[in-house]
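The opening residue of the sequence shown carries number 6 in my numbering; numbering runs sequentially from there.
The structure appears right after this line, and notes come after that.
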Amino acid sequence: ACLMIIAAVALAGGVLLALVLALSMRQRSRSISKWLVVLSIAVVAAGALLILQSSGEIATARAIKQWPTVDGTILQSEIIGDRAIRPVVFYQYRVGETTYQDSSTLGVPSFGNRRVRLNESETITAEYQAGDTVKVYYDPASPGRSTIYAREDWSSYMRLSLGMLLFTAGLFVLLRRGVTQKVRPQS
């Protein structure tokens, strides 16, 4: 949820940057120029934050694929949430002499069209029935940490792309303003 808020704020900043840029091309006001620089710095920072966070998520998902696996048992699968509908699968697994329990949302995002999320959640909960066997990836350093979903999330790549777009656009505006300021000094 936090990443989605950051992405929304970053996107709004990008749109605002485009509007201020369009206004500054019409008017050569110093106050617009100052706001454009401040806004550009904020967009560059938001883009960099999105790049760092989504890169970390992608790296973690790739590392999880290298974790050892054991067979686990589905305990229950259900649909949770009123607005942010998503499936949750509860499972248990055994590592050595210890039995662990965990849950997973299987990487299903909790945003988008409500009907589509509900249909997808119903399909997933039908696939993961109590008593079924499932492949569990567990962290060898902390076996209580596990997942049954070992793939990169498409939303991580979307946030990475958005971050790169915002970072590049903000940097372009900053560099362009710097070059313009040097070529055409204001009196």
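By construction, the Cβ of each residue, glycine as well, lies at the ideal position given by its N, Cα and C atoms.
None of the values given here were measured: they were computed from a predicted structure.
Taking just the CA atoms, how far does VAL48 sit from LEU180?
Taking the first residue of the sequence shown as position 1, residue 180 is located at position 175. Taking the first residue of the sequence shown as position 1, residue 48 is located at position 43. If you take the alpha carbons of LEU180 and VAL48, they lie about 13 angstroms apart.
Look up GLN58 in the DSSP assignment and say whether it is helix, strand or coil.
In the sequence shown, the residue the question calls residue 58 occupies position 53. Looking at GLN58 - three-state DSSP - the assignment turns out to be helix.
Select from ALA50, VAL42, ILE46 the residue whose C-alpha is nearest the C-alpha of GLY168.
Against the sequence shown, residue 168 aligns to sequence position 163. Ranking the options by Cα distance to GLY168, first place goes to ALA50.
Across which residues does DSSP place ILE79 in a beta bridge pair?
Translated into the one-based positions of the sequence shown, residue 79 becomes position 74. Looking at the DSSP assignment, ILE79 forms a beta bridge with TYR96.
Contact defined as beta carbons within less than 8 angstroms: I believe TYR133 pairs with VAL94. What is the distance between those atoms, to the nearest angstrom?
By one-based count along the sequence shown, residue 133 stands at place 128. By one-based count along the sequence shown, residue 94 stands at place 89. Sure, about 5 angstroms apart at Cβ, within 8 angstroms.
Neighbourhood of ALA53 by C-beta, 8 angstroms cutoff - its chain only, sequence neighbours within 5 removed:
By 1-based counting over the sequence shown, the position of residue 53 is 48. Cβ neighbours of ALA53 beyond the five flanking positions: GLY168, PHE172.
Classify GLU102: buried if its beta carbon has 16 or more other beta carbons within 10 angstroms, exposed otherwise.
For the purposes of this step, residue 102 is taken as residue 97 along the sequence shown, with counting starting at 1. Counting Cβ neighbours within 10 Å, GLU102 comes out exposed, since fewer than 16 surround it.
So the candidates are TRP159, ALA89, LEU170, ASP144; which of them puts its Cα closest to the Cα of PRO73?
Reading the sequence shown from its first residue, position 68 is the one you call residue 73. Per the Cα distances, ASP144.
Can you give the Cα-Cα distance for SER109 and THR152, rounded to whole angstroms?
On the sequence shown, position 104 is the one that residue 109 refers to. On the sequence shown, position 147 is the one that residue 152 refers to. Each residue's alpha carbon lies about 6 angstroms from the other.
Excluding five sequence neighbours on each side, which residues of the same chain lie with their C-beta closer than 7 angstroms to the C-beta of PHE177?
Taking the first residue of the sequence shown as position 1, residue 177 is located at position 172. Once the five neighbours on either side are set aside, PHE177 has no close Cβ partner at all.
Who are the Cβ neighbours of SER161 in its own chain at under 6 angstroms, not counting the five residues just before and after it?
Numbered from its first residue, the sequence shown carries residue 161 at position 156. Closer than 6 angstroms at the Cβ level, and outside the excluded window around SER161, lie SER59, GLU62, ILE63.
Check whether the Cβ atoms of ARG91 and ARG122 lie closer than 8 angstroms to each other.
Within the sequence shown, the letter at position 86 stands for residue 91. Within the sequence shown, the letter at position 117 stands for residue 122. For ARG91 and ARG122, yes; Cβs fall inside 8 angstroms.
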